[in-house]
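Visitor:
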Amino acid sequence: MYRTETHSAPAIPFYAEQGDECRLFEHAFEQRLPALLKGPTGCGKTRFVEHMAARLGRPLITVSCHDDLTAADLVGRYLIGDGNTVWNDGPLARAVRTGAICYLDEVVEARKDTTVVLHPLADDRRQLPIERTGELLQAPPEFMLVVSYNPGYQNLLKNLKPSTRQRFVALVFDYPAPEIERRIIVAESGADERLATRLVKLASALRRLTDQDLEETVSTRLLVVAARLIVSGLPELTACRAAIVDALTDDADTAEALNEVVLAAFEQ
Amino acid sequence: MEEWVGARWHRFIWRAADVSFPKATVRLEDVQRAVQMLFRAGGGDPLVRVAPATAQKIGGPRNWLQKVAGQGERAALSTLDEQTLALPPSIAVFADTALNRDLYLWLAAQGACHVATSAGWLADNLSATQRALQRFPGLRARYARLVNAHLAQRPPAARLQGTARALEQAVQAALQASIADGGESAVSAPPLPSGGAQPAAVAPVWLWLQALAPDPNAANFIAESDDSTAARQPKDNESHVKQDNKRRRAQRTEDTTSKDGLVMFFRAESILSWSEFVRVNRTGDDEDNQDYSQVADDMEQLHLAHRKPGETLAARIKFDLDLPSASADDLPVGEGVPLPEWDEKSARLVPNRCRAQRLRHRPPPDDGAQAPSTDGAAAMAQRLKRTSRQVRRRFEALRAAPRWQHGLADGEELNLDAWVRHQVDRRDARQPHGESPPIFSRRVRSERSLATLMLADLSLSTDAYATPQARVIDLVRDSLFVFGNALDGVGDPFEMLGFSSVRRAVRIHELKRFSEPWNDAARERVAAIKPGFYTRMGAAIRYGVQRLDERPERQRLLLILSDGKPNDLDHYEGRHGLEDTRHAVFEARQAGLVPFCVTIDEQAHQYLPRLFGAQGFALVHRPDQLARALTQVYIRLTAAVR
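Those sequence lines, one after another, are chains B and F. Here the first sequence is numbered in UniProt numbering, starting from 1 and rising by one per residue. Here the second sequence is numbered in UniProt numbering, starting from 1 and rising by one per residue.
(1) Run through the stretch 36-112 of chain F for me and flag every whole alpha helix (DSSP H) of 4 or more residues, listed as ranges in chain order.
(2) What residues of chain F sit near B:V261, judged by a beta carbon separation below 7 Å?
(3) Could you tell me which uninterrupted beta strand (DSSP E) segments, each at least 3 residues in length, are contained entirely in the UniProt domain "ATPase dynein-related AAA" (36-168) of chain B, listed from first to last along the chain?
(4) Which residues in the same chain as F:Q83 place their Cβ atom closer than 8 Å to its Cβ, once the five residues preceding and following it in sequence are excluded?
(5) Give me the subset of the stretch 590-620 of chain F whose CB atoms are less than 8 Å from a CB atom of chain B, sorted by chain position.
(6) Below 8 Å, can you find three or more Cβ-Cβ pairs linking the stretch 586-595 of chain F to the stretch 182-193 of chain B?
(7) Using the C-alpha atoms, what's the distance from F:W206 back to F:A95?
(8) Could you tell me which residues DSSP pairs with F:Y465 in its beta bridges?
(9) Which value, in whole angstroms, describes the spacing of the CA atoms of B:E50 and B:L60?
(10) At a CB-CB cut-off below 7 Å, which residues of chain B make contact with F:P46?
(11) Any idea if F:T117 is buried or exposed, counting beta-carbon neighbours within 10 angstroms, 16 or more meaning buried?
(12) Pick out whichever of F:L209, F:R503, F:V391 has its Cα sitting closest to the Cα of F:C354.
(13) List the residues of chain F that B:E215 touches, going by C-beta distances under 9 Å, in chain order.
(14) From which residue to which residue does the alpha helix (DSSP H) around F:P609 run?
(15) Please confirm whether F:D549 has its beta-carbon closer than 7 Å to some beta-carbon of chain B.
(16) Can you list, in chain order, the residues of its chain whose CB lies under 7 Å from that of F:R101, leaving out five sequence neighbours each side?
(17) Considering F:A123, what are the terminal residues of the alpha helix (DSSP H) in which it resides?
(18) Closest Cβ-Cβ distance between F:A51 and chain B: below 7 Å?
(19) Figure out for me which residue from B:L118, B:D89, B:V261, B:R132 has the closest Cα to the Cα of B:R198.
(20) DSSP puts F:D457 in a beta bridge; with which residues?
(21) Would you be able to state if there are at least three C-beta pairs under 8 Å between the stretch 249-265 of chain B and the stretch 129-142 of chain F?
(22) Out of F:S90, F:H114, F:V115, point me to the one whose CA is closest to F:Y104's CA.
(23) For F:N519, which residues does DSSP report across the bridge?
(24) Distance cutoff 7 Å, beta carbons only. Does F:L578 sit that close to anything in chain B?
(25) Along the chain, where does the alpha helix (DSSP H) containing B:D254 start, and where does it finish?
(26) So F:N567 and F:T535 are supposed to be a Cβ contact under 8 Å. How far apart are they, rounded?
(27) Since F:L611 and F:L578 should fall inside the 8 Å C-beta cutoff, what is the C-beta to C-beta distance between them, to a whole number of angstroms?
(28) What's the call for F:S78, buried or exposed, on a 16-neighbour Cβ count within 10 Å?
(29) Per DSSP, what kind of secondary structure is F:G407 in: helix, strand or coil?
(30) Could you work out which residues of chain F lie near B:D253, taking near to mean beta carbons separated by less than 7 Å?
(31) Inspect the CB distances between the stretch 473-485 of chain F and the stretch 517-529 of chain F and report whether three or more fall short of 8 Å.
(32) So, does the stretch 64-71 of chain B touch the stretch 106-116 of chain B, judging by three or more C-beta pairs under 8 Å?
(33) Do F:G613 and B:D211 count as a contact pair if the criterion is CB distance below 7 Å?
(34) Determine the extent of the alpha helix (DSSP H) in which F:R142 is found, giving its start and end residues.
(35) I want to see whether chain F comes within less than 7 Å of B:Y15, judged by CB atoms only; does it?
(36) For F:Q210, which residues does DSSP report across the bridge?
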């Protein structure tokens, strides 16, 4: 499934604030402005939205965009049922109707003609026209549109159209500062302080290799995965190899060299 | 016979005196990648390359066997400067291969943390050791093993005398202190006897580096060369395939002779006496077949003399690049475009630093006397027929990649979604509906909007042989030809430009314009490219960006075919050239272009990732790989174009 729904989760998901982004998001919500989250893979964009949705008490509808995602996938389509056709709302239409937060993850992956349906929703009209049913949905005040994308993403030919980009309040994310990242690892995996500190140190070493040696660098998510594997009893090096080194590269030589970096940063 | 005996004796005595462990040798190229990545991961400057070091004079006592064999005087020691981390080409210090390998890794980590201060060699190394151990706690156990193994090999201080003894004691104490307490606590450098802070005064400490201070004269030279007509690089017409990338110690020296040009001095320490300069004009060497890299290997330090301004014309013609006279030169087209250049020191773009002049190949005068060119367009077409057809077919296949188009009145398949919509519409009497409802889907060829600009490096370095059969320029020419044919087959608009430079005058050779068809004239121009001058790559890229900016296509590719590093006569070399090129690539990305470099330089992996990103370049080793490589590049770059 390409979408998941969380209906006002009982507990607020953990999120360690890096700057002032929570307040900014709240203001955007109050002012009924759509938000654009920019940042590298695995730096916590999705978690941030989940956190904010829970904090604001709004249901969250997430759509992971891909290059075959059509406008109909977002807005809705007719389905056949009992010899009859039934209109079925897409995630976007449902979010508008119910006043939810609609989160389009990696929006640049979607086709360009798809993102155009967001335009009337993203400006002060806040409307979603559904051509097939002839409806014009007016978004309630609680509805919010959030999109995310990764500007440094390797597929350089894909980018967000300026006309789309300029409709959003932009929130820039990056990998958290070492101290915050350490807290995140501890909170997410149950790792002890020592392990978390070492993982953060390893991450800072690996991040120096971005661009020149590695396409993408180690994300907070990968660190958490490694920490969870270690906490569950796997030896540190095995866990790092599986969760970090082999996740970063497919090239055997690079993997060997990365392993040396891990060994140097990590061995007992 | 005497020679034979001599050779045998030399081999015998050399082996007998050798204290290293050849069976446990680890070579630098085997660990290069790990060393480089560890160095950068530890915080080392990404522009510093890792290169094999040359031998230099070392200190320490020698046993009589070594003295007989003439061994133990020189060894490749690790050094670090602004541009290079020079490590021994191979390490066989310990009997254990793993330990030798660890030594390489340790040197990389130590190099990353090394800061040259006025405290001296020993103190610098101690503090670097400490930082490295903190940054890479995983190296602690290995470092301790290395220190212990090395201490066991060091000459016992008790057997030495005087300053040597005190020095040896200091070094050993420092090494021991660095592993006490797991390397966690701070260690201060032990007091040194006066005048003994030089690494050459003791037996080599394999675990340490020597940081070379930047040449204080370098700045002056750059300032001078800006307006003088000095040429630092002799005409590069070597035809040997073997690349020599050893890092050599060099020092700029004032040329005190009244003779011309680029004069290299060398210190023939091992021949006459220890401090005498022997003036040898290397540019005018008699023997042509001499292996210069061997000569350079034997020298401790190369001295490069800078040509003084205002020297005779004869000297300049000899060593500067022979610029064609205006009548023989290619035809200039237009005024020339001023271009900025990135100054890394002040981190800003300096406007109007260079000027790009478009040139068009002037066909040789048809007086019948000249023999027809051996490799004209026709010959080239014949030679590359197969490759060209291959690539063209692959490109056409790409273009034909179909996609689904929905909502059509007729087509191959019924679109259920559209059909349902149609059924609903039909039930709704209020909505009009036609007889041919748009409920079909069809696979169609997609519309593309892609402009490609190819920039070919035509600098003199492309005259070197990439393979025993082909020069780099031949590969570039073939690439241009094959790619041109293929792009022409696909129907995408493209432009081809060659570039070279002489200082700030950037020569842009017009091979094929966007507006021109890919015809015989264009192919003839491609066939006629010849190497010359230097590589001011940043300016060429900026020019390419300007050209592509004028194109209406949605996707724009900037392909750079090059053989190597950016460099030019003035200060455009080394770090400055790399940083400028890097910034030009960054500007291209900002402009929404896709810069990509296809290179023939085997050493490219050392600096190209820094310029173009890990995924921004491809390496072509052999001409027969060309077809495959070019197609792959194209597929990768255009995969997202729909």
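Note that the Cβ used here is the ideal one computed from N, Cα and C, for glycine as well.
Guide: On the basis of the data shown:
(1) DSSP runs (the alpha helix (DSSP H)) wholly in the stretch 36-112 of chain F: 64-69, 97-112.
(2) M37, L38, A41
(3) As far as the UniProt domain "ATPase dynein-related AAA" (36-168) of chain B is concerned, its whole beta strand (DSSP E) runs of at least 3 residues are 60-64, 76-81, 84-89, 101-105, 127-130, 135-138, 144-149.
(4) L47, V48, R49, G574, R575
(5) The residues in question are G592, V594, P609, R610, G613, A614, Q615.
(6) no
(7) 14 Å
(8) F:R471
(9) 7 Å
(10) Q212
(11) Within a 10 Å sphere around the beta-carbon of F:T117 sit fewer than 16 other beta-carbons, which makes this residue exposed.
(12) F:R503
(13) Under the 9 Å cutoff, chain F gives G613, A614, Q615.
(14) 608-612
(15) no
(16) V26, V31
(17) 121-135
(18) no
(19) B:V261
(20) F:F499
(21) Yes, the stretch 129-142 of chain F touches the stretch 249-265 of chain B.
(22) The option with the nearest alpha carbon to F:Y104 is F:S90.
(23) In DSSP, F:N519 forms no bridge with anything.
(24) no
(25) Note that residue 254 of chain B is Thr in the sequence shown, not Asp. 252-266 is the extent of the alpha helix (DSSP H) around B:T254.
(26) 6 Å
(27) Their Cβ separation, rounded to whole angstroms, is 7 Å, which keeps F:L611 and F:L578 in contact under 8 Å.
(28) By the 10 Å Cβ count, F:S78 comes out buried.
(29) For F:G407, the secondary structure class from DSSP, reduced to helix, strand or coil, is strand.
(30) R33
(31) yes
(32) yes
(33) Cβ distance < 7 Å, so B:D211 and F:G613 count as in contact.
(34) 140-153
(35) no
(36) DSSP lists F:T79 as partners of F:Q210.
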